[in-house]
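These notes concern the structure reproduced below.
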Amino acid sequence: MGKLISRGRCLFVYALQLLVQLQAGVLCYQYKVGDLDAWGIPTAANPDVYTKWSKTHVFRVGDSLLFLYPPSQDSMIQVTPEAYNTCKLEDPILKMNDGNSVFNITQPGEFYFTSGEAGHCQKGQTLHISLAGKGGIVYPPAALSDTAAGPSYTPAFGSIPTASFSSPILRFSALLASFAGSAIWVLV
């Protein structure tokens with residue numbers, strides 16, 4: 019009987035560990051672009067707001083970017099690197115203009131955004147993020163070169179993730195819980 023309880027306990031701990039690991043893999047976050055500044059023409063006091071913002075966040079495949087703006091005054095477009103660097107916005111990859119635009123990150127790569135309104139790109143309303151490798155962590159981009167160029171790519175737009183918060187602590191907590199579950203499983 020003792021052997022049966024021990025085996026059942028071991029299976030329970032293993033199932034719990036598996037659940038924690040699965041949960042850790044499906045967490046995603048929705049980041050509000052610009053945080054309190056939202057999506058608009060940068061102010062003279064903070065002209066690099068979006069460059070600074072992207073450098074302070076770590077993105078992963080599955081996360082999403084929320085662009086908030088007055089729909090009658092602005093929009094968000096995804097563009098090629100060439101269009102981003104030259105502010106030639108005639109042929110965007112993706113255009114959203116509802117004031118509550120969500121861009122879902124569904125694959126690694128370079129992503130370039132700007133306002134679709136005339137003159138906003140030239141005034142610094144632009145965002146560049148870069149996702150490394152096979153859906154892993156995104157390392158925030160360094161300052162862009164005016165001569166940067168790259169191949170065109172298809173839009174990466176998928177379904178809306180369910181989580182709507184920005185807390186890397188939760189990712190670490192899930193990982194820590196997974197390690198704790200592994201340790202308990204080994205000890206049992």
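Quick note: the sequence shown uses the working numbering, first residue 19, plus one each step. All residues carry an ideal CB built from backbone N, CA and C; glycine is no exception.
Inter-residue spacing [alpha-carbon to alpha-carbon] between Thr104 and Ile147: So the two alpha carbons sit approximately 17 Å from each other.
Cα-Cα separation, Asn122 to Ser82: Cα to Cα, Asn122 sits roughly 4 Å from Ser82.
Proximal residues to Gly142 (C-beta, below 6 Å), its chain only, five neighbours per side dropped: Contacts found: Pro60 and Pro65.
Coil, strand or helix - Ser119 by DSSP: Ser119: strand per DSSP, three-state reduction.
Sequence-distant residues of its chain with Cβ nearer than 6 Å to Phe85 (five each side left out): Excluding sequence positions up to five before and after Phe85, its CB lies within less than 6 Å of the CB of Val51, Trp57, Met94 and Ser119, all in the same chain and listed in chain order.
Given Lys73 as reference, the closest of Ala136, Lys113 and Asp53 once Cα atoms are compared: Here the closest residue by C-alpha is Asp53.
Residue(s) in a DSSP beta bridge with Gln96: In the DSSP assignment, Gln96 forms a beta bridge with Leu112 and Phe131.
Secondary structure of Lys70, DSSP reduced to three states: Residue state, collapsed to three classes: helix.
Top-ranked residue by Cα proximity to Trp71, from Pro126, Tyr49 and Lys106: Between Trp71 and the set Pro126, Tyr49 and Lys106, the nearest pair of CA atoms involves Tyr49.
CA nearest to the CA of Ala150, picked from Asp92, Gly137 and Phe77: Taking only the C-alpha atoms, the option nearest Ala150 is Phe77.
Val79 beta carbon less than 8 Å from that of Gln125: Yes; because the gap between Cβ atoms is below 8 Å, this pair is in contact.
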